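Peer 1: Numbering of the sequence shown is given in the working numbering, commencing with residue 7 and proceeding in unit increments.
All residues carry an ideal CB built from backbone N, CA and C; glycine is no exception.
Just so it is clear, the structure is predicted and the values come from calculations on it, not from any experiment.
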Amino acid sequence: MRPLIIERPDLQTRLQRYGYLSVTLICWLLWLYLFVPLLSLVAWVLGATLIYQTLLQGLQVEELRAIAVSYGSGILLLAGVFVVWAFTSYLRFRDVDRRRPAVRVDDERLRRGHHLSAEELAALRSAQRLVVSADQLARMFAESAPADAAGDDPQVRRSEAA
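1. Closer than 8 Å by C-beta to LEU122: which residues in its own chain qualify, once you throw out the five before and the five after it? Chain order, please.
2. Using the Cβ count rule (16 or more neighbours within 10 Å means buried), how would you classify GLU126?
3. Among the residues of its own chain, which have a CB less than 7 Å from the CB of ALA124, if the five just before and after it don't count?
4. CA-CA distance, GLN18 and LEU27?
5. Identify, in the order they occur along the chain, each residue of the same chain with its Cβ nearer than 6 Å to the Cβ of ASP158, setting aside the five sequence neighbours on each side.
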């Protein structure tokens, strides 16, 4: 069966990807726009009209333009810093592959690390359904081997006898 195109974005054309991103962006903006009346209500309750009257109402158009330019240049400066930072990080790490394959763990090391006998490990691997008691989990993940040996577990003996 062929995989769905949604699971294989590399099969999408550039137009499909940008179309999907555009529709997603428009939907997010519309969803956020629905909260404008709620934000206005909260601002009104908290007294944002006082801030508006104090800071903006008595200003002339030129003063408002100067404020907009100063805020806009600050935003552009911060955006520029972030873009330069992202670009330098891209140049720095573009050819670096830090992913390494997982280290293979042999059976002996696995048995020693979880305090298991060879029979227990074989039973754990071959089981289709496995129920592990809390005592067995505590023994398997203990820092050091418990006082009783791995083969002395009554649960394991019962399964071996069966």
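Peer 2: By the coordinates alone:
1. By 1-based counting over the sequence shown, the position of residue 122 is 116. Correct list, in chain order: LEU116, LEU130, MET146, ALA156.
2. On the sequence shown, position 120 is the one that residue 126 refers to. Classification for GLU126: buried.
3. Indexing the sequence shown from 1 puts residue 124 at position 118. Cβ neighbours of ALA124 beyond the five flanking positions: ARG117.
4. Counting from one through the sequence shown, the residue named residue 18 turns up at place 12. Counting from one through the sequence shown, the residue named residue 27 turns up at place 21. Their Cα atoms are separated by approximately 12 Å.
5. The count along the sequence shown starts at 1 and reaches residue 158 at position 152. In this predicted model, ASP158 has a pLDDT of only 48, less than 50, meaning its place in the structure is not dependable; the value taken from the coordinates is given anyway. Hits under 6 Å: none found.
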